[in-house]
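Enquirer: For reference, the structure I am asking about is given below.
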Amino acid sequence: AGKRIEAIARRAGGRADQVAGRPDGRNAVKTRAITAGDLLRFQFLSDPRLSPDGRAVVFVNKQAGEKNEYRTNLWLVDTRGGSPRQFTSGGRDSQPRWSPDGRRLAINAAYEYFSYEESIARHRAQLGVWVLEPEGGLAVQVAHQQGYHPFWLDTGTVGFGCSGYEDCPEGLFLVPARGG
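Here this note's numbering is used: the first residue of the sequence shown is 44, the next is one more, and so on.
Quick look at the structure:
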C-alpha cells in the first residue's frame, strides 16, 4: 500500500507512453511519451533462479547498449534483504543455474549475441558455458562451444545443449564442473 510503480503502456498505432500509479492500477496517470533515450535506461529483468537453500536469487539484467545491442549481466540478491549486486560484467551472460549444493552457478556466456559471424569471431574467447562461485573465487570455462541451457547432473557434472550451429555439433553434452 502506498507504493508507486512505473510501467510502459502501448497504444494503438504502436506509440508507447510511460505511466505511473499504484500497483493495483488505481490512480494511474500518463507521465510522458517514451523517447529513444529512455530505452538506454530501461532494465529488463528475467530468468530468476532461487538458490537451493532459498537464501539468494540470481537473475538476468538486460539493458540496451549505445551501439544497438543488448548487454546482459547476472545479478544476485539476498532473499533476507539488501540490495541486488552485479555478479558478472561480461555483457553477454545469461541462463544461470544453481548447482545442487548451491555453491556454484553454471551460466551461458554470449548465447544470444551470435547471430552474426563477425560477432562470433569477436567474442569467441568468452563463448561457452562457465561455472562460477557466487561468493567470488574461481570462474571456470567448462565448454568453449556455443552451448545453451546449462544444467547440473550432479555437483560435479554440468550439461548443456548444442543446436549444431557454428563449432558445436547438435546434441546434449556432459562435462566436469571443474573444467577439462
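Ideal Cβ placement from N, Cα and C applies to all residues, glycine included.
Helix, strand or coil for L82, going by three-state DSSP, please let me know.
Expert: Along the sequence shown, read from residue 1 onward, the residue named residue 82 stands at position 39. The answer is helix: DSSP assigns L82 an H, G or I state.
Enquirer: Buried or exposed for L82, going by 16 or more other Cβ atoms inside 10 Å?
Expert: Counted from its first residue, the sequence shown places residue 82 at position 39. By the neighbour-count rule (16 or more Cβ atoms within 10 Å), L82 is not buried but exposed.
Enquirer: Let me check understanding here. Comparing Cα to Cα, which of G124, L93 and G204 lies closest to G145?
Expert: Residue mapping note: residue 145 aligns to position 102 of the sequence shown, counting from 1. It is L93.
Enquirer: Around the C-beta of G190, are 16 or more other C-beta atoms found within 10 angstroms, so that it is buried, or is it exposed?
Expert: For the purposes of this step, residue 190 is identified with residue 147 of the sequence shown, where counting begins at 1. G190 is buried by the Cβ-count criterion.
Enquirer: Once the 5 residues before and after S142 are set aside, which same chain residues still bring their CB inside 6 angstroms of it?
Expert: Mapped onto the sequence shown, residue 142 falls at position 99. So the qualifying residues of the chain are W195 and T198.
Enquirer: Per DSSP, A248 forms a beta bridge with which residues?
Expert: Nothing can be reported for residue 248: it is not among the residues displayed for the chain, which extend from 44 to 223.
Enquirer: Out of curiosity, what's the CA-to-CA distance linking S137 and G124?
Expert: One-based indexing of the sequence shown puts residue 137 at position 94. One-based indexing of the sequence shown puts residue 124 at position 81. When rounded, the distance between both Cα atoms is 24 angstroms.
Enquirer: Put H187 into one of helix, strand or coil per three-state DSSP.
Expert: For the purposes of this step, residue 187 is taken as residue 144 along the sequence shown, with counting starting at 1. In the structure shown, H187 sits in coil (DSSP, three-state: anything other than H, G, I, E or B).
Enquirer: Can you tell me whether P143 is helix, strand or coil according to DSSP?
Expert: Along the sequence shown, read from residue 1 onward, the residue named residue 143 stands at position 100. The answer is coil: DSSP assigns P143 none of H, G, I, E or B.
Enquirer: For A220, which residues in the same chain have their Cβ closer than 8 angstroms to its Cβ, ignoring the five residues on either side in sequence?
Expert: Position 177 of the sequence shown, counted from the start, is the residue given in the question as residue 220. Closer than 8 angstroms at Cβ, skipping near neighbours: S142, R147, A149, V174, V183, V185, W195, T198, G199, T200 and V201.
Enquirer: Measure the CB-CB distance between R114 and R84 and report whether it falls below 9 angstroms.
Expert: Translated into positions along the sequence shown, residue 114 becomes position 71. Translated into positions along the sequence shown, residue 84 becomes position 41. It is not a contact, given that the beta carbons lie outside the stated cut-off.
Enquirer: At a cut-off of 8 angstroms, is V100 close to the ligand ATP when judged by its beta-carbon and the heavy atoms of the ligand?
Expert: With respect to small molecules bound, the structure shown includes none, and the ligand ATP cannot be examined in it.
Enquirer: Would you tell me roughly how many angstroms separate the C-alpha atoms of N116 and E109, rounded to the nearest one?
Expert: Along the sequence shown, one-based indexing puts residue 116 at 73. Along the sequence shown, one-based indexing puts residue 109 at 66. For N116 and E109, the distance between alpha carbons rounds to 16 angstroms.
Enquirer: Going by alpha carbons, who is nearest to A99 out of G207, S126 and T122?
Expert: Position 56 of the sequence shown, counted from the start, is the residue given in the question as residue 99. Of the candidates G207, S126 and T122, the one whose C-alpha sits nearest the C-alpha of A99 is T122.
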